[in-house]
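Data block below; observations after.
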Amino acid sequence: MDQLFTFILLLLNLSGTLTKYIYVDQKMDWLEAQSYCRQNYTDLAPVSTEKDVNKLKQLSGNVTHHIWIGLVRNLPGNENWRWSGGEVVSRNFWAENQPNNCQGNEDRGCMQESKWYDATLLYQTTFFCYSAEEKTWEEALDTIYYDFCFIEKSMKNKNKKNIKII
């Protein structure tokens, strides 16, 4: 009975928004990274939950430098941070003594080893994008089947060395 209940919960979770995170191992400033993500995916990645943090940490592997995420403060000196897509930040993972705006123009956010740091938008670093799609239950099943096939195929053919998807 517990297995049936778990299976039904899994199926119910298949409808709605499917989100994929992408690590792009190319250094760009925040605006270039945002433009790249919007042209190729949805946007720079929001990080709203511990699950998101863990996915991004898994994607970036052993990378120890700062990585752009979609965190932005629109007005200098304003402590209200938003995601690149306009959503309000509901939970934060700031490192100790962050945000500190030490250069007076640190109004973008990056992540290093699960913690957030503010930075100037001109800083050049790698970044996380995300792709979000609204799916019906049937479409979600098709996507999951396709993704499993895609993962298997991509493991055999590793042409894109600087992009990881999860």
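All the letters of the sequence shown, read from the start, carry residue numbers -19 to -1, 1 to 147 under mature numbering (1 follows the signal peptide of the UniProt record, and there is no 0). For every residue, glycine included, the Cβ atom is placed at its ideal position computed from N, Cα and C.
Compute the beta-carbon to beta-carbon distance between residue 48 and residue 9, rounded to the nearest angstrom, for a pair I have assumed lies under 8 Å. Contact flag wrong, Cβ pair sits at about 11 Å.
When we look at the beta-carbon of residue 85 and count the other beta-carbons within 10 Å, is it buried (16 or more) or exposed? Around the Cβ of residue 85, a 10 Å sphere holds fewer than 16 other Cβ atoms; the residue is exposed.
Rounded distance between the beta-carbons of residue 53 and residue 65, thought under 8 Å: 6 Å
Inter-residue Cα distance where the pair is residue 62 and residue 83: Between residue 62 and residue 83, the C-alpha separation is close to 16 Å.
Helix, strand or coil, according to DSSP, for residue 17 in the structure here? helix
Using DSSP bridges, identify the partner residues of residue 89. 53 and 100
Delimiting residues of the alpha helix (DSSP H) encompassing residue 34: 31 to 41
Using a Cβ-Cβ cut-off of 6 Å (strictly less than) and excluding sequence neighbours within five positions of residue 11, which residues of its own chain qualify? Sequence-distant partners of residue 11 (beyond 5 residues in either direction) whose C-beta falls short of 6 Å from its own C-beta, in its chain, are 49, 89 and 102.
Kindly indicate which residue of 95, 14 and 30 has the alpha-carbon position closest to the one of residue 43. 95
Helix, strand or coil for residue 11, going by three-state DSSP, please let me know. helix
Is residue 36 buried or exposed, if buried means 16 or more other CB atoms sit within 10 Å of its CB? Its Cβ being crowded by 16 or more others within 10 Å, residue 36 is buried.
So what does DSSP say about residue 62, is it helix, strand or coil? In this structure, residue 62 counts as coil in the three-state DSSP scheme.
With H, G and I counted as helix, E and B as strand and the rest as coil, what does DSSP make of residue 74? coil
In the DSSP output, which residue or residues are listed as bridge partners for residue 106? Looking at the DSSP output, residue 106 shares a beta bridge with 9.
For residue 111, list the residues DSSP reports as bridge partners. 2 and 24
Is residue 87 buried or exposed, if buried means 16 or more other CB atoms sit within 10 Å of its CB? buried
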